[in-house]
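S.K.: Residue numbers (our numbering), protein chains in the order written: chain B, 6 to 195; chain A, 6 to 195. Beta carbons: idealized from backbone N, C-alpha and C, even for Gly. I have a structure here, written as structure tokens, and I will follow up with some questions on it.
Number of protein chains: 2
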Amino acid sequence: MKPRDDKKIDQVYKATLRLVKAKGLAGITMNEIAKEANIATGTLYIYFKNKKQLINALFMVCRNRSAAVYFKNYVPSMPFKTGLKTIWLNLLNYRVKKFEEAIFIDQCFHSPFITETTKEITRKLFLPLFSLVEAGKKQKLIKNEDTMLLLTFMAGSINETVKHAYYANRKLTKQVIEQMFMMCWDGIKA
Amino acid sequence: MKPRDDKKIDQVYKATLRLVKAKGLAGITMNEIAKEANIATGTLYIYFKNKKQLINALFMVCRNRSAAVYFKNYVPSMPFKTGLKTIWLNLLNYRVKKFEEAIFIDQCFHSPFITETTKEITRKLFLPLFSLVEAGKKQKLIKNEDTMLLLTFMAGSINETVKHAYYANRKLTKQVIEQMFMMCWDGIKA
DNA sequence: ATGTTAAGTGAATAATTATTCATTAATTTT
DNA sequence: AAAATTAATGAATAATTATTCACTTAACAT
Chain B
6 MKPRDDKKID QVYKATLRLV KAKGLAGITM NEIAKEANIA TGTLYIYFKN KKQLINALFM
66 VCRNRSAAVY FKNYVPSMPF KTGLKTIWLN LLNYRVKKFE EAIFIDQCFH SPFITETTKE
126 ITRKLFLPLF SLVEAGKKQK LIKNEDTMLL LTFMAGSINE TVKHAYYANR KLTKQVIEQM
186 FMMCWDGIKA
Chain A
6 MKPRDDKKID QVYKATLRLV KAKGLAGITM NEIAKEANIA TGTLYIYFKN KKQLINALFM
66 VCRNRSAAVY FKNYVPSMPF KTGLKTIWLN LLNYRVKKFE EAIFIDQCFH SPFITETTKE
126 ITRKLFLPLF SLVEAGKKQK LIKNEDTMLL LTFMAGSINE TVKHAYYANR KLTKQVIEQM
186 FMMCWDGIKA
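Set out below in structure tokens:
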């Protein structure tokens, strides 16, 4: 028998991300995805049950990848601020380096493809981030606001800034990144 | 002859915004829009040439409305920080009160419907905001970073925070809003 | 080598969705 | 009140897009 070509799934994912970046989730067809991935339309259906499943699968992959990266170099015993900065940098780097994935994830949240189950599962990937912020609050190092509010404040500025840097074709230098973290930190510190 | 019913256009806009909030730009059909607006499918085509034009028109309307609101109560002679706060509050309020419009605008930027021309035209609506930030930089009141970067830092945190408050069903109280502005200000001040 | 199995193909079909159009209804004009 | 004009309708059609399937090809087992 002929074995499956593991590369194909990756090709499809990459093709989808490219197309979504270019024309949005509303603008892609299975035909285009196949063409962009250099496979036949029918082959798509060997690897994926249908379009919805393809999008859900890719969404999961992207969320997992980003979650995997967030905690890189993070050690629970770090001082709070160091830990937060580590994660903050990982978050920023992910969105810079995997810009297409970031765009795709954003688009998916308001789309008819992603099921509530998928959203819920991937949300859990970020629970460790919650614990970190909770710990910071207990130590009175950061403001005693709603945890989610603090997290979204940080994430929001990162997301938009990365988007802007990308579209305005501006490189985020080490300096700029340092100053950005300072902005966030000054904003949330107690 | 029979005159056009001015209410219809508004009904269509409202229907579209409701549907996009619920299922995303990728999930709406002309049929559904018509049904949600309580008119016949064909009637849509009396008021709009086609789907693309409908989305573009609504995008323009939303961008204009938000721009109109940003500068409410703003007087150029205000001290810099007061002026910035005024605009910041308007921006936040717009996204809270017209949540559906905000979501719609976000989705449109990465969609096959909005033409570059439309994007460009609506971008110009926000030039006065640029001038304000530039003035603040000249007066050394805020950091000497790229203007767009400073603006997106502010906008980003607002956008994400409003989204979160909405989805977590948390009311943004006066207190919370005040603290949020402080976060932003501390972040960008010189 | 040959047979077997599953992958790969892309044209054909099914399903969905945008758009049109023949008809009816509502106003206004004369 | 009749004629004229345009809005409104929604079923019919056109266009697009998802999915299938009869067939071909490649890899492995015997």
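(1) Counting only Cβ-Cβ distances shorter than 7 Å, please list the residues of the segment 71–99 of chain B near chain A, keeping chain order.
(2) What residues from the segment 11–37 of chain B come within 8 Å of chain A, judged by C-beta to C-beta, listed N to C?
(3) Does the contact criterion of 3 or more C-beta pairs under 8 Å hold for the segment 14–24 of chain B versus the segment 57–65 of chain B?
(4) Within its chain, find whatever has a CB closer than 6 Å to the CB of residue 170(B); leave out the 5 residues flanking it on each side and keep chain order.
(5) If you reduce the DSSP assignment to three classes, tell me which class residue 110(B) lands in.
(6) Which chain A residues are close to residue 193(B), counting only those with a beta carbon under 9 Å from its beta carbon?
(7) Please check the pair residue 85(B) and residue 144(B), which I expect to be a contact at CB under 8 Å, by giving their CB distance rounded to whole angstroms.
(8) What is the C-beta distance between residue 71(A) and residue 99(A), in whole angstroms, given that I count them as a contact (C-beta under 8 Å)?
(9) Check the C-beta distance from residue 151(B) over to residue 191(A) and give it rounded, since I have them as a contact under 8 Å.
(10) Return the bridge partner residues of residue 147(B) from the DSSP annotation.
(11) Flag residue 158(A) as yes if its beta-carbon sits less than 8 Å from any beta-carbon of chain B, otherwise no.
(12) To test your reading of the DSSP string, which unbroken alpha helix (DSSP H) runs of 4 or more residues are found completely within the segment 126–191 of chain A?
(13) If you drop the 5 nearest sequence neighbours on each side, which residues of the same chain put their C-beta closer than 7 Å to that of residue 52(A)?
(14) Please list the partners that residue 132(B) has in chain A, where partner means a Cβ-to-Cβ separation under 7 Å.
(15) What residues from the segment 162–185 of chain B come within 8 Å of chain A, judged by C-beta to C-beta, listed N to C?
(16) Nearest chain A C-beta to residue 116(B) closer than 8 Å, yes or no?
(17) Return the CA-CA distance between residue 168(B) and residue 128(A), expressed in angstroms with no decimal places.
(18) Excluding the 5 residues flanking residue 46(B) on each side, which residues of the same chain have their C-beta closer than 7 Å to its C-beta?
(19) For residue 121(B), which option in 23(A), 22(A), 27(A) has the closest C-alpha, if you only look at C-alpha atoms?
(20) Suppose you measure from the CA of residue 21(B) to the CA of residue 33(B); what does that come to, to the nearest Å?
(21) Along the chain, which unbroken stretches of the alpha helix (DSSP H) at least 4 residues long are found entirely within the segment 13–88 of chain A?
(22) Residue 154(A) versus chain B: which residues are under 7 Å apart at the beta carbon?
(23) In chain B, which residues lie with their C-beta within 7 Å of the C-beta of residue 112(A)?
(24) Can you list, in chain order, the residues of its chain whose CB lies under 6 Å from that of residue 57(B), leaving out five sequence neighbours each side?
(25) What does the alpha-carbon distance come out to for the pair residue 68(B) and residue 141(B)?
(26) For residue 164(B), does the count of other Cβ atoms within 10 angstroms reach 16, so buried, or fall short, so exposed?
(27) Would residue 150(A) pass as an interface residue toward chain B - the criterion being a Cβ-Cβ separation below 8 Å?
(28) Do the CB positions of residue 41(B) and residue 30(B) come within less than 8 Å of each other?
(29) What whole-angstrom Cβ distance do residue 188(B) and residue 193(A) have, given they're in contact under 8 Å?
(30) Show which residues of chain B have a CB atom less than 8 Å away from the CB atom of residue 108(A).
(31) If residue 172(A) and residue 134(A) are in contact, beta carbons under 8 Å, what's the gap, nearest whole angstrom?
(32) In its own chain, which residues sit with a C-beta less than 8 Å from the C-beta of residue 110(A), not counting the 5 before and 5 after it?
(33) Let's test the definition: count the other Cβ atoms within 10 Å of the Cβ of residue 195(A) and tell me whether it reaches 16, buried, or not, exposed.
(34) Quick one: Cα of residue 7(B) to Cα of residue 19(B), how far?
(35) Return yes when the Cβ of residue 137(B) is within less than 8 Å of the Cβ of residue 89(B), no when it is not.
M.R.: With the given structure in hand:
(1) none
(2) 25, 26, 28, 29, 30, 31, 32
(3) yes
(4) 177
(5) Residue 110(B) falls in the helix class under three-state DSSP.
(6) Neighbours of residue 193(B) on chain A, chain order: 188.
(7) 6 Å
(8) 5 Å
(9) With a Cβ gap of about 19 Å, residue 151(B) and residue 191(A) do not count as contacting.
(10) 194(B)
(11) yes
(12) Taking only runs of at least 4 residues, the alpha helix (DSSP H) segments lying wholly in the segment 126–191 of chain A are 132–143, 152–172.
(13) 13, 14, 17
(14) Neighbours of residue 132(B) on chain A: none; closest Cβ ~15 Å, over 7 Å.
(15) Taken in chain order, the members of the segment 162–185 of chain B whose beta-carbon sits within less than 8 Å of a beta-carbon on chain A are 162, 163, 164, 165, 166, 168, 169, 170, 173, 175, 181, 184, 185.
(16) yes
(17) One C-alpha to the other measures close to 15 Å.
(18) Around residue 46(B): 35, 36, 39.
(19) 27(A)
(20) 8 Å
(21) 35–41, 46–52, 56–75
(22) 166, 169
(23) Neighbours of residue 112(A) on chain B, chain order: 115.
(24) 118
(25) 25 Å
(26) By the beta-carbon neighbour count (other beta carbons within 10 angstroms, threshold 16), residue 164(B) is buried.
(27) yes
(28) no
(29) With a Cβ gap of about 7 Å, residue 188(B) and residue 193(A) count as contacting.
(30) 115
(31) In fact, because the Cβ distance is near 27 Å, the residues do not count as touching under 8 Å.
(32) 64, 67, 68, 71
(33) exposed
(34) 24 Å
(35) yes
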